[in-house]
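Numbering (my numbering), first residue to last: 613 to 764.
Here it is, written out as structure tokens:
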């Protein structure tokens, strides 16, 4: 699901530039919007959640998985991978700065947890995968990495 979505839809932006955490998230949600996975207000919901609850979606050093509740504008399951040329601060006490952003959305929580979350966990499993993501510059680089991970 994750690999197919990212590669077939080219739902990624590698070595992108963002000056703020909001800009980094916008890069990802713009991809989701382009593929009709979300409504425009989904981006605002992601930002609002972070303002209310803090950057809880910074899940590991350098890695953020921004998302909002399904009813805030998610239309279908979607993923958008953004790697940043220069990391940005998301104001997380332990895991800043962030240079890998995987925006996710789903029309209901169950739809994503059944398959997608396990694949995301496999993608971020191991320092080698994370380093390869950071170094990827082309679709071919990303495709080679995704193909090397058995459980995707």
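Ideal placement from N, C-alpha and C gives every residue a C-beta, glycine not left out.
For clarity, every value in this text was computed on a predicted model and none was experimentally measured.
Closest by C-alpha distance to residue i, when choosing among the options
i           : options            : result
residue 714 : 729, 703, 738      : 729
residue 694 : 656, 688, 666, 625 : 625
residue 628 : 621, 620, 643      : 643
residue 647 : 689, 720, 707, 656 : 689
residue 712 : 721, 739, 656      : 739
Contact set for residue i: own chain, Cβ-Cβ below 8 Å, skip 5 residues either direction
i           : result
residue 710 : 633, 636, 670, 674, 675, 676, 696, 699, 700, 701, 702, 704
residue 763 : 730, 731, 734
residue 757 : 741, 744, 745, 748
residue 631 : 700
residue 650 : 641, 644, 685, 686, 687, 690, 717
Extent of the continuous beta strand (DSSP E) to which residue i belongs
i           : result
residue 671 : 670–672
residue 712 : 710–717
residue 690 : 690–700
Inter-residue CB distance, residue i and residue j (contact presumed, cutoff 8 Å)
i           : j           : result
residue 692 : residue 640 : 4 Å
residue 718 : residue 680 : Contact flag wrong, Cβ pair sits at about 10 Å.
residue 751 : residue 622 : 7 Å
residue 721 : residue 682 : 6 Å
Delimiting residues of the alpha helix (DSSP H) encompassing residue i
i           : result
residue 728 : 728–735
residue 684 : Here residue 684 belongs to no alpha helix (DSSP H), and DSSP marks it neither H nor E.
residue 640 : 633–646
residue 616 : 614–620
Beta-carbon proximity list for residue i, same chain, < 7 Å, skipping 5 on both sides
i           : result
residue 653 : 684, 685
residue 658 : 637, 641, 678, 679, 680
residue 736 : 672, 675, 742
Where residue i falls: helix, strand or coil (DSSP)
i           : result
residue 625 : strand
residue 761 : coil
residue 662 : helix
residue 748 : coil
residue 657 : helix
residue 723 : helix
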